[in-house]
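J.: Input: one structure, supplied below.
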Ligand SMILES: *Cc1c(COP(=O)(O)O)cnc(C)c1O
């Protein structure tokens, strides 16, 4: 039976990305050795770094003055590295869910943190609106896509201070105006590659101004270390970086970010339309906050006892990974770049068939 992968992360990658990465693990560029068993400093691997970096700059149209880094530690390490490198006195955070809260927790270790706005009062089912950004902040931190709740800020905000975004679960799904940001970071395993590497895009001239300069920053946590050494200060995660390169090639060959944005809208429309139409289901977040990446829905109250049964029904028809996060319940269909219209239509067919039975 054909499987349709709706996992939230690690998640679906284009089949050719998996196949090409697998081939290079067996024999890298025909040199008779695996990608996993050569030096990251060898002449064979350097071109991988160079091409991946160049493609990221090209696809996101990154202006001059920014560095592209491939780091370890996941997006979670960036929750610490961001305030460590950028927070002088006071930072603002938009509290839109679990990941934002984790970022806030780390930032508080390095300075004053203000929650500029929060949607905690309604279990993060909306994106706060109508707030004003204080002008005395070192930066404002946002989470562009809230993977767990299925809300998304699908625009580049205009704020009077430096802007930093955790784009772990929607990077490369739309064109982004990078010039509005001082730092963008993303764990790879949602929309870029297998787990193990974090993409960081950082504006060079903002570094070096925190009070921590006096004692000197911890080497591995200082963005400048990795900028200076081209992400090779220590051994980078070579296989995930290669996998990212394959995804980036695939992105370019498939029309780049404009095409990804269009596809994301098409997929989401098909699925949200069915959620709104189907008598059994309803969406969990406010309509204007709906994520195009993580589509969350639950059974209507009168059908709530069908939860496990629908899960089983869908699983038997090839749906994988549609169980909602425990904080939300119900179902979550993650539709990252690799998700096909066919996959979304298969899930919709399942929902229709199930409705007809009840
Ligand atoms: C998954 C996720 C993270 C955590 O990523 P790790 O790489 O596991 O540390 C952080 N932020 C968002 C928005 C995520 O979706």
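Residue numbers (the working numbering): 9 to 366.
Quick reminder that beta carbons are idealized off the backbone N, C-alpha and C, glycines included.
Predicted model only: the values in this text are computed from it and were never measured.
Take residue 129 as the anchor and find which of 142, 105, 214 and 144 has the nearest alpha-carbon.
T.: Position 121 of the chain shown, counted from the start, is the residue given in the question as residue 129. Measuring from the Cα of residue 129, the nearest candidate turns out to be 105.
J.: Between the Cα of residue 107 and the Cα atoms of 155, 115, 74 and 169, which residue gives the shortest distance?
T.: In the chain shown, counting from the first residue as 1, residue 107 sits at position 99. The candidate whose alpha carbon is nearest that of residue 107 is 155.
J.: Using a 10 Å radius around the Cβ and a threshold of 16 neighbouring Cβ atoms, would you call residue 42 buried or exposed?
T.: Within the chain shown, the letter at position 34 stands for residue 42. Answer is exposed; the Cβ neighbour count stays below 16.
J.: Determine which residues share a DSSP beta bridge with residue 298 and list them.
T.: Reading the chain shown from its first residue, position 290 is the one you call residue 298. Residue 298 is bridged to 159.
J.: Less than 6 Å between the CB of residue 151 and some heavy atom of ligand 1, yes or no?
T.: In the chain shown, the residue the question calls residue 151 occupies position 143. Yes, Cβ of residue 151 sits closer than 6 Å to a heavy atom of ligand 1.
J.: Can you find a heavy atom of ligand 1 that lies under 6 Å from the Cβ of residue 177?
T.: As a first step, residue 177 is located in the chain shown; it is residue number 169 there, counting from the start. It does: the Cβ of residue 177 is within 6 Å (strictly closer) of some heavy atom of ligand 1.
J.: What does DSSP give as the partner residue(s) for residue 340 in the beta ladder?
T.: Along the chain shown, read from residue 1 onward, the residue named residue 340 stands at position 332. Residue 340 pairs with 304.
J.: Give a yes or no on whether 7 Å exceeds the smallest Cβ distance from residue 150 to chain C.
T.: Note that chain C does not occur in the displayed structure, where there is just one protein chain.
J.: Tell me where the alpha helix (DSSP H) around residue 84 begins and ends.
T.: Here residue 84 refers to the residue found at position 76 when the chain shown is read from its first residue. Taken as a continuous stretch (DSSP letters only), the alpha helix (DSSP H) holding residue 84 covers 82 to 94.
J.: If we ignore side chains and look at the alpha-carbon of each, how far apart do residue 239 and residue 79 end up?
T.: Indexing the chain shown from 1 puts residue 239 at position 231. Indexing the chain shown from 1 puts residue 79 at position 71. Those two C-alpha atoms are separated by around 7 Å.
J.: Could you spell out where the beta strand (DSSP E) holding residue 208 opens and where it closes?
T.: Against the chain shown, residue 208 aligns to sequence position 200. Start and end: 206 to 211.
J.: Start and end of the alpha helix (DSSP H) containing residue 351?
T.: Within the chain shown, residue 351 is the residue found at index 343, counting from 1. Counting along the chain, the alpha helix (DSSP H) containing residue 351 begins and ends at 349 to 365.
J.: Less than 7 Å between the C-beta atoms of residue 319 and residue 305, yes or no?
T.: Counted from its first residue, the chain shown places residue 319 at position 311. Counted from its first residue, the chain shown places residue 305 at position 297. In this structure, residue 305 does not lie closer than 7 Å to residue 319 by Cβ.
J.: Can you determine whether any heavy atom of ligand 1 sits closer than 6 Å to the C-beta of residue 129, and answer yes or no?
T.: As a working note, residue 129 is residue 121 in the chain shown. Result no, Cβ not under 6 Å from ligand 1.
J.: Any heavy atom of ligand 1 closer than 6 Å to the Cβ of residue 367?
T.: The first residue shown for the chain is 9 and the last is 366, placing residue 367 beyond what the model contains.
J.: Count the other CB atoms, across all protein chains shown, that sit within 10 Å of the CB of residue 149; report buried if there are 16 or more and exposed otherwise.
T.: Within the chain shown, numbered from 1, the residue matching residue 149 stands at position 141. Burial call: buried.
J.: Residues in the same chain with beta-carbon distance under 7 Å from residue 121, minus the five sequence neighbours each way, listed in chain order, please.
T.: Translated into the one-based positions of the chain shown, residue 121 becomes position 113. For residue 121, where only same-chain residues beyond five positions count, the Cβ hits under 7 Å are 99, 101, 112 and 115.
J.: Three-state secondary structure (DSSP) at residue 101?
T.: Here residue 101 refers to the residue found at position 93 when the chain shown is read from its first residue. It is a strand residue.
J.: For the stretch 256 to 331, which segments carrying the alpha helix (DSSP H) assignment without a break, of at least 4 residues, lie completely within its bounds, in sequence order?
T.: DSSP runs (the alpha helix (DSSP H)) wholly in the stretch 256 to 331: 264 to 285 and 315 to 324.
J.: Residue 120 bridges to which residues according to DSSP?
T.: Looking up residue 120 in the chain shown gives position 112. The partner list for residue 120 (beta bridge, DSSP) reads 98.
J.: CB residue 146 to CB residue 95, shorter than 7 Å?
T.: Start at 1 with the first residue of the chain shown, and residue 146 comes out as number 138. Start at 1 with the first residue of the chain shown, and residue 95 comes out as number 87. In this structure, residue 95 lies closer than 7 Å to residue 146 by Cβ.
J.: Is residue 335 near ligand 1, with its Cβ less than 6 Å from a heavy atom?
T.: Along the chain shown, read from residue 1 onward, the residue named residue 335 stands at position 327. Answer for residue 335: no, Cβ out of range of ligand 1.
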